[in-house]
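K.L.:
Submitted below is the structure of interest, expressed as structure tokens.
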Amino acid sequence: MSKRFTTLGRFPTTRLRRNRREDWSRRLVAETRLSVDDLIWPVFVQEGSNRRTPVGSMPGVDRLSVDLFVEAAKQARDLGVPAVAIFPETDPKTKTPDGREAYNPGNLVCRAIAAVKKAVPDIGVACDVALDPFNSDGHDGIVRDGYVQNDETLDALVKQAIVQTEAGADIQAPSDMMDGRIAAIRKALDGKGYIHTQIMSYAAKYASAFYSPFRDAIGSSGALKGDKKTYQMDYANSDEALREVGFDIEEGADMVMVKPGLPYLDIVRRVKDAFGVPTYAYQVSGEYAMLRGAAEHGWLDWDKVLIETLTGFKRAGCDGILTYGAIDAAKLLGTR
Ligand code: PBG
Numbered sequence: 002m003s004k005r006f007t008t009l010g011r012f013p014t015t016r017l018r019r020n021r022r023e024d025w026s027r028r029l030v031a032e033t034r035l036s037v038d039d040l041i042w043p044v045f046v047q048e049g050s051n052r053r054t055p056v057g058s059m060p061g062v063d064r065l066s067v068d069l070f071v072e073a074a075k076q077a078r079d080l081g082v083p084a085v086a087i088f089p090e091t092d093p094k095t096k097t098p099d100g101r102e103a104y105n106p107g108n109l110v111c112r113a114i115a116a117v118k119k120a121v122p123d124i125g126v127a128c129d130v131a132l133d134p135f136n137s138d139g140h141d142g143i144v145r146d147g148y149v150q151n152d153e154t155l156d157a158l159v160k161q162a163i164v165q166t167e168a169g170a171d172i173q174a175p176s177d178m179m180d181g182r183i184a185a186i187r188k189a190l191d192g193k194g195y196i197h198t199q200i201m202s203y204a205a206k207y208a209s210a211f212y213s214p215f216r217d218a219i220g221s222s223g224a225l226k227g228d229k230k231t232y233q234m235d236y237a238n239s240d241e242a243l244r245e246v247g248f249d250i251e252e253g254a255d256m257v258m259v260k261p262g263l264p265y266l267d268i269v270r271r272v273k274d275a276f277g278v279p280t281y282a283y284q285v286s287g288e289y290a291m292l293r294g295a296a297e298h299g300w301l302d303w304d305k306v307l308i309e310t311l312t313g314f315k316r317a318g319c320d321g322i323l324t325y326g327a328i329d330a331a332k333l334l335g336t337r
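Per the working numbering, the sequence shown runs over residues 2 to 337.
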């Protein structure tokens, strides 16, 4: 909640630098604390075994085959990271206009979920609900007559959420921005008795140019025709984000997300103030690429900008952050 300042103090009786003079004092007055408990680690998975392929536009990030993903999840668990989020690079041969591979119970995502829950049962597993990794049009929903069809897509998303839950995923995270998806998914999950499965809704997701490294990573950029502006939000809008979040809470979302992160911290603050529900932001691929790319050139200190930006998310009102830097941050936080 925003504070009202009634006493401001006057220089020289008041010197704001006094509290900042010593490290112990700065620690004592710190308003926000970033912890490993605030992190969700998004991971790209690919077919094969013992395979690791670098994502060109995301230095330091690799696509992992399921066996290596399981090892990575163990490392995350050992560092105290509460949850991972799985994103698949799907074999282009399985992509169709209806994205049916999304609800094949034997698909790459489901195999990754099952393997990680078997080997590392105590880490939370989130997965996306959206058709873009499986759809030959590269869109999050089914395209017909040049338009991403809302209600038809809902049926596919529901089926996808069910197979992912059956594979063992703890959190379904719909990132598709179709209207009514949270209600449809909640109803289907409850109908099958999955009353404990959580829904983290990508509630205020903007049509952003910061997603392009992600689309390279999952191999959907080549397929994508046009843009996603008919379903993802216009970055000019802020009130509309509150409507989106409000709808999703009413429809049954347990947690809500704002995406991208850094250029949208004003939205995070409004959402947290208005609703007070568990609120997350996604430090997306393009944000990672900016910071990490500059660090590769020696222009920024990666460790420092990572912790600074993640603390900024917390200061804005986030309960947690999805970040490709989760492992690095966990290590840094553990040693501070
Ligand atoms: C797709 C999805 C996207 C991201 C997460 N889920 C990209 C998009 O909407 O095109 C972006 C994540 C990132 O950029 O790191 N449903």
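Here a beta-carbon is modelled for each residue, glycine too, at the ideal position from N, C-alpha and C.
Computed from a predicted model, the values in this text were never measured in an experiment.
Just list the beta strand (DSSP E) runs in the segment 56-87, keeping only unbroken ones of 3 residues or longer that don't cross its boundaries, in chain order.
P.N.:
DSSP runs (the beta strand (DSSP E)) wholly in the segment 56-87: 63-66.
K.L.:
May I have the straight-line CA-CA distance separating ASP63 from VAL37, to the nearest angstrom?
P.N.:
Approximately 21 Å between the Cα atoms of the pair.
K.L.:
So what does ARG53 bridge to, in DSSP terms?
P.N.:
Answer is LEU65.
K.L.:
When DSSP labels each residue in this structure, what does GLY299 get in the three-state scheme?
P.N.:
DSSP places GLY299 in coil when its eight states are reduced to three.
K.L.:
Starting from THR15, trace the beta strand (DSSP E) both ways and give me its first and last residue.
P.N.:
Element bounds for THR15: n/a, residue is neither H nor E.
K.L.:
Should ARG216 be counted as a contact of ligand 1 given a C-beta to heavy atom distance under 8 Å?
P.N.:
It does: the Cβ of ARG216 is within 8 Å (strictly closer) of some heavy atom of ligand 1.
K.L.:
Compute the Euclidean distance between the alpha carbons of ARG78 and VAL71, then round it to the nearest angstrom.
P.N.:
Going from the Cα of ARG78 to the Cα of VAL71 covers about 10 Å.
K.L.:
Less than 9 Å between the beta carbons of ALA74 and VAL30, yes or no?
P.N.:
Their beta carbons are not under 9 Å apart, which means ALA74 does not touch VAL30 by this criterion.
K.L.:
Determine the extent of the beta strand (DSSP E) in which LYS206 is found, giving its start and end residues.
P.N.:
199-206 is the span of the beta strand (DSSP E), which, as asked, contains LYS206.
K.L.:
If you follow the beta strand (DSSP E) that ASP323 is in, where does it begin and where does it stop?
P.N.:
The sequence shown places Leu at residue 323, not Asp. Residues 321-324.
K.L.:
Please state the DSSP three-state secondary structure of ASN105.
P.N.:
DSSP places ASN105 in coil when its eight states are reduced to three.
K.L.:
Please classify THR97: does DSSP put it in a helix, a strand, or coil?
P.N.:
Strand at THR97.
K.L.:
Looking at the structure shown, is MET2 part of a helix, part of a strand, or coil, going by DSSP?
P.N.:
Note that MET2 scores 49 on pLDDT, short of 50, meaning its location in the model is unreliable; the coordinates nonetheless yield the value given after this. Correct three-state label for MET2: coil.
K.L.:
Which partner residues does ILE41 have in the DSSP bridge list?
P.N.:
Its beta-bridge partners are ALA84 and LEU323.
K.L.:
Out of GLU297, ASP146 and GLU102, point me to the one whose CA is closest to GLY57's CA.
P.N.:
Selected option, being the one with the closest Cα: GLU297.
K.L.:
Whole angstroms are fine: how far does the CA of ASN238 sit from the CA of ALA208?
P.N.:
Computed Cα separation, rounded: 11 Å.
K.L.:
Please classify ASN151: does DSSP put it in a helix, a strand, or coil?
P.N.:
Helix.
K.L.:
In the structure shown, what three-state DSSP assignment does LYS260 receive?
P.N.:
Strand at LYS260.
K.L.:
Give the DSSP-derived three-state secondary structure of ASN136 in the structure shown.
P.N.:
Correct three-state label for ASN136: strand.
K.L.:
Hey, how far is the Cα of LEU307 from the Cα of ASP146?
P.N.:
Each residue's Cα considered, the two are about 43 Å apart.
K.L.:
Considering only DSSP beta bridges, list what ILE143 is partnered with.
P.N.:
Its beta-bridge partners are GLN150.
K.L.:
Are THR324 and TYR283 closer than 9 Å when you measure CB to CB?
P.N.:
Yes, Cβ-Cβ distance for THR324 and TYR283 is below 9 Å.
K.L.:
So, is ASP191 buried or exposed, given that buried needs 16 or more other C-beta atoms within 10 angstroms?
P.N.:
Answer is exposed; the Cβ neighbour count stays below 16.
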